[in-house]
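S.K.: Residues in the sequence shown are numbered from 139 upward in steps of one, following the working numbering.
For each residue, glycine too, the CB sits at the ideal point set by N, CA and C.
Small disclaimer: the values here were computed from a predicted structure and weren't measured.
Pasting a structure here, questions to come.
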Amino acid sequence: MSKSWHAYAHHILDVAAKIDRIQARGDLTQDEVLYDAALRNLQTLSEATQLPPNNLKLKFPTIPWREISGFRNILVHNYLGDIDALTVQSVIDCHLPPLIVCVHDMLAADDSSDT
139 MSKSWHAYAH
149 HILDVAAKID
159 RIQARGDLTQ
169 DEVLYDAALR
179 NLQTLSEATQ
189 LPPNNLKLKF
199 PTIPWREISG
209 FRNILVHNYL
219 GDIDALTVQS
229 VIDCHLPPLI
239 VCVHDMLAAD
249 DSSDT
């Protein structure tokens, strides 16, 4: 298997850490600058989740890969601002932690298959 997806996996983890730092600065549901920063980072994170190979993602069926991709499309094409801050906060709180665990597991599983 090509290792090219590793860069995207690490990008997902880096962006998740950045979102944590954004949240540490304040309440994104009350601060539009933090909200915008979180949205932008969720967009790049969602884009990166599209790039690991499907056969690898199939090993992690609890992650809603298609929905993450769909969320990216909503973020990018939502010109009228229909996404509210509480929804974004919920996505971060409920869906980001399992994704982080999954990406770590993907990297660990691939590393262990090399030996």
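1. Is the beta carbon of Gln254 sitting closer than 8 Å to the one on Leu166?
2. With distances taken Cα to Cα, identify the nearest neighbour of Asn211 among Asp152, Glu185, Pro191, Leu194.
3. Can you tell me where the alpha helix (DSSP H) holding Thr187 begins and where it ends?
4. Note down the Cα distance separating Glu205 from Ile160, rounded to an integer number of angstroms.
5. Quick one: what does DSSP say Arg204 is sitting in, helix, strand or coil?
6. I'd like to know whether the C-beta atoms of Cys240 and Ile201 end up nearer to each other than 8 Å.
7. Leaving aside the five residues before and after Ile150 along the sequence, list all residues of the same chain whose C-beta is less than 6 Å from its C-beta, in chain order.
8. Going by DSSP, what residue range makes up the alpha helix (DSSP H) through Leu151?
M.R.: Checking against the coordinates, here is how it stands:
1. Residue 254 cannot be examined here, being either before or after the span of the chain that is shown, 139 to 253.
2. Working through the sequence shown from its first residue, we reach residue 211 at position 73. Selected option, being the one with the closest Cα: Glu185.
3. In the sequence shown, the residue the question calls residue 187 occupies position 49. For Thr187, the enclosing alpha helix (DSSP H) covers residues 170-187.
4. Here residue 205 is taken as the residue at index 67 of the sequence shown, counted from 1. Here residue 160 is taken as the residue at index 22 of the sequence shown, counted from 1. CA-to-CA, the gap between Glu205 and Ile160 works out to about 23 Å.
5. Locating residue 204 in the sequence shown gives position 66, counting from the first residue. Correct three-state label for Arg204: helix.
6. The sequence position of residue 240 within the sequence shown is 102, counting from 1. The sequence position of residue 201 within the sequence shown is 63, counting from 1. A distance below 8 Å separates the beta carbons of Cys240 and Ile201.
7. By 1-based counting over the sequence shown, the position of residue 150 is 12. So the qualifying residues of the chain are Leu183, Ala186, Val241.
8. For this step, residue 151 is matched to residue 13 along the sequence shown. That run of the alpha helix (DSSP H) goes 143-162.
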